[in-house]
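A.B. asks:
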Amino acid sequence: MISHHAKVRCQTRGVTQNFLETLLKHADVDRPIGDNCRLLRVSRTSAHKLNVDDRLARYAVIWSDDTSRVVTVMPLRETRGGARYRRM
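Residue numbers (our numbering): 25 to 112.
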């Protein structure tokens with residue numbers, strides 16, 4: 025369910041298995057991003073309503089439909105370059 029790359033990124037970024045499962049369970053934003061992958065994330069509104077973890081709306085998961093597993097876990101940056109992943 026999770027690639028080696030995603031495991032390394034989770035360890036580097038302090039993302040636990042429990043946090044990743046919560047993110048996947050409550051993801052309400054689902055955007056195709058190419059190469060048969062999509063970005064899954066929790067919107068700020070939903071994260072605020074859930075009140076589970078403060079970081080929930082600040083991370084996204086890249087999911088591969090080909091392999092049915094997590095490719096990587098990434099923080100959503102407040103920079104211009106990170107804006108493309110925040111759009112709905």
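We put the beta carbon where it would ideally sit given N, CA and C, even for glycine.
Give the DSSP bridge partners of L64, in chain order.
C.D. replies: D54, V85
A.B. asks: Could you pull out every residue in the same chain whose Cβ sits closer than 7 Å to the Cβ of R55, ignoring the five residues on either side in sequence?
C.D. replies: R62, L63, listed in sequence order.
A.B. asks: Note down, in chain order, each residue of its chain lying with its Cβ closer than 8 Å to the Cβ of M112, except the 5 sequence neighbours on either side.
C.D. replies: Bear in mind that the predicted position of M112 carries a pLDDT of just 46, short of 50, making it too unreliable to give a figure here.
A.B. asks: Using beta-carbon positions only, say whether L74 and A84 come within less than 8 Å of one another.
C.D. replies: no
A.B. asks: Which residues share a DSSP beta bridge with R37?
C.D. replies: For R37, which the question treats as bridged, DSSP gives no partner whatsoever.
A.B. asks: Look at the alpha carbon of C34 and the alpha carbon of L48, and state the distance between them as a whole number of angstroms.
C.D. replies: 14 Å
A.B. asks: Going by Cα to Cα distance, which pick from R82, A51, V94 is closest to M25?
C.D. replies: V94
A.B. asks: Going by beta-carbon coordinates alone, are T46 and D77 separated by less than 8 Å?
C.D. replies: yes
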